[in-house]
Amino acid sequence: MPWAFKENRPIFQQIYDAIVIRILNGTYPMGSKLPSVREMAEEAGVNPNTMQRAMSQLESAGLALTNRTSGRIVTTDEEILKRVKRDYAITSAREFIREMQGLGLSKEDAKALLDESEVTGK
């Protein structure tokens with residue numbers, strides 16, 4: 043997944059979110075070793091200090107654990123992963139509803155659009 047940063051949020055937060063998504067979608071499976079800070083910084087085109095800040099945030103959230111001899115690994119705590127996935131899904135749903143309301147659609151209209159797009163795949 044390419045790294046694309048926006049101007050509206052700090053880069054380390056955007057990196058954090060991108061890595062969380064990679065953990066939640068299985069790109070980085072539970073218990074797997076994460077790439078080193080330097081490797082990820084090079085891939086993302088950012089300063090290693092910026093990447094370190096994002097990785098520290100992953101640890102604070104309980105999504106990554108540091109082993110002094112083998113680097114960072116993705117948590118194996120399924121409850122943490124379920125909670126984080128639910129939080130991200132709720133945030134995405136709220137953003138979608140806000141965007142639809144900005145178009146003048148009600149929450150019910152937005153739900154109907156979701157149902158319709160699921161059926162038609164469009």
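In the working numbering, the protein residues as written are 43 to 164.
Note that the Cβ used here is the ideal one computed from N, Cα and C, for glycine as well.
Values in this document were obtained by computation on a predicted structure and should not be read as measured data.
One thing to note: residue 66 has its Cβ no nearer than 8 Å to the Cβ of residue 115.
Contact between residue 92 and residue 54 is confirmed by a C-beta separation of about 5 Å, below the 8 Å threshold. For residue 140, same chain residues with a beta-carbon under 8 Å away, outside a window of 5 residues either side, do not exist.
Residue burial is scored here from C-beta neighbours: residue 117 has at least 16 other C-beta atoms within 10 angstroms and is therefore classed as buried.
Residue pairing by DSSP puts residue 116 in a beta bridge opposite 106. Pairing residue 58 with residue 94 gives a Cβ-Cβ distance that is not under 8 Å.
Each of 45, 88, 126, 81 was checked against the Cα of residue 102, and the nearest Cα belongs to 126. Cβ neighbours of residue 120 within its own chain (closer than 8 Å, five residues either side excluded): 72.
Looking at the backbone, the Cα of residue 81 and that of residue 87 are separated by about 10 Å.
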